[in-house]
Amino acid sequence: MMTKFAEQLKKYRLEKQLSQDALSEKLFISRQAISKWENGDATPDLENLVTLAAVLEVTLDELVTGKEPAIKVIKKTEKPMNVWEFLTEESKRPMSKGDLLMLLLVPIVLLGVYLIVIHFS
1 MMTKFAEQLK KYRLEKQLSQ DALSEKLFIS RQAISKWENG DATPDLENLV
51 TLAAVLEVTL DELVTGKEPA IKVIKKTEKP MNVWEFLTEE SKRPMSKGDL
101 LMLLLVPIVL LGVYLIVIHF S
């Protein structure tokens, strides 16, 4: 009898295009152990469950129960931006009201400070 875990294990293994042999090598266990897990004849210990989830890139909950997480974590594969790239990307977005307010207030405040310094010196 196949359990939910057994079904999920096979599903995620096939999605990753891993053979039972390839998966067993990543876990440092026998291929027969993977086969027993997928047939529902045995279940992995906690350490192997955690490693399985990591290798298959799923959560423990997904692996054991098949429940999709409420929030899917998206892995970022693009390289980090340098400062120049960030600024050019940032400049593509439209200015918000807060941006406009700061653009107007900062020069006015600086002018006020400058005039006060000149007046009292």
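Residue numbers (the UniProt record's numbering): 1 to 121. Cβ coordinates follow ideal geometry from the N, Cα and C atoms, glycine included.
- Shown here, E68 sits in coil according to DSSP, grouped into three states, outside any helix or strand.
- Following the DSSP letters along the chain, one finds E57 in no alpha helix (DSSP H), marked with neither H nor E.
- In the structure shown, L27 falls within a helical segment according to DSSP collapsed to helix, strand and coil.
- Ranking T51, K4, T43 and L101 by CA distance to the CA of L23 puts T51 first.
- Only residues of its own chain outside the window of five on either side were considered, and among them L23 have a CB closer than 6 Å to the CB of R13, listed in chain order.
- Judged by DSSP in its simplified three-state form, R13 adopts helix.
- The criterion of a C-beta distance shorter than 7 Å is not satisfied by S35 and Q17.
- For A6 against E38, the beta-carbon gap comes to about 5 Å, under 8 Å, which counts as contact.
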